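Participant:
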Amino acid sequence: MTDEEIAKRLRQKDMDIFDYIMEHYNKLLWVVVGNILEKTGSSEDIEDCINDVYIKLLEKPKMYDPKKGSFKSFLVRVGKT
Numbered sequence: 215m216t217d218e219e220i221a222k223r224l225r226q227k228d229m230d231i232f233d234y235i236m237e238h239y240n241k242l243l244w245v246v247v248g249n250i251l252e253k254t255g256s257s258e259d260i261e262d263c264i265n266d267v268y269i270k271l272l273e274k275p276k277m278y279d280p281k282k283g284s285f286k287s288f289l290v291r292v293g294k295t
């Protein structure tokens with residue numbers, strides 16, 4: 215699936231896109247968030263942070279603009295915040 219298609223489906227609030235994102239990007243988010251929380255966070259803390267990323271996508275689907283970069287880079291940036 216292209217980044218443009220992901221952006222379109224997020225904006226349409228297509229809930230199936232979250233299954234796709236979780237299947238294809240959850241490991242990446244786990245690594246990103248896990249590296250940040252490795253000394254202070256538990257697995258539950260990491261999962262909570264990853265869920266926060268998904269909630270942000272759901273609440274503000276226009277946050278991601280494929281013209282500004284890849285979806286993968288966007289998720290890494292959001293995961294770090």
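If you read the sequence shown in the numbering used here, its first letter stands for residue 215, the second for the next number, and so on.
Even glycine gets a Cβ: it sits at the ideal position worked out from N, Cα and C.
These figures come from a predicted structure and were not determined experimentally.
#1: Along the chain, where does the alpha helix (DSSP H) containing SER287 start, and where does it finish?
#2: Determine whether the beta carbon atoms of TRP244 and ILE231 lie at a separation below 9 Å.
#3: Output yes or no for whether 9 Å exceeds the beta carbon distance between MET277 and VAL290.
#4: For ILE250 and TYR234, what's the separation of their Cα atoms in angstroms?
#5: Count the other CB atoms, across all protein chains shown, that sit within 10 Å of the CB of ILE269; report buried if there are 16 or more and exposed otherwise.
#6: How many angstroms separate the CA atom of PHE285 from the CA atom of ILE220?
Facilitator: Checking against the coordinates, here is how it stands:
#1: Position 73 of the sequence shown, counted from the first residue, corresponds to residue 287. 285-294 is the span of the alpha helix (DSSP H), which, as asked, contains SER287.
#2: In the sequence shown, counting from the first residue as 1, residue 244 sits at position 30. In the sequence shown, counting from the first residue as 1, residue 231 sits at position 17. Result no, Cβ atoms of TRP244 and ILE231 do not sit closer than 9 Å.
#3: Position 63 of the sequence shown, counting from 1, holds the residue named residue 277. Position 76 of the sequence shown, counting from 1, holds the residue named residue 290. Not closer than 9 Å, so no.
#4: In the sequence shown, counting from the first residue as 1, residue 250 sits at position 36. In the sequence shown, counting from the first residue as 1, residue 234 sits at position 20. Using only the alpha carbons, I get a separation of about 24 Å.
#5: Along the sequence shown, one-based indexing puts residue 269 at 55. That one is exposed.
#6: Position 71 of the sequence shown, counted from the first residue, corresponds to residue 285. Position 6 of the sequence shown, counted from the first residue, corresponds to residue 220. Each residue's alpha carbon lies about 8 Å from the other.
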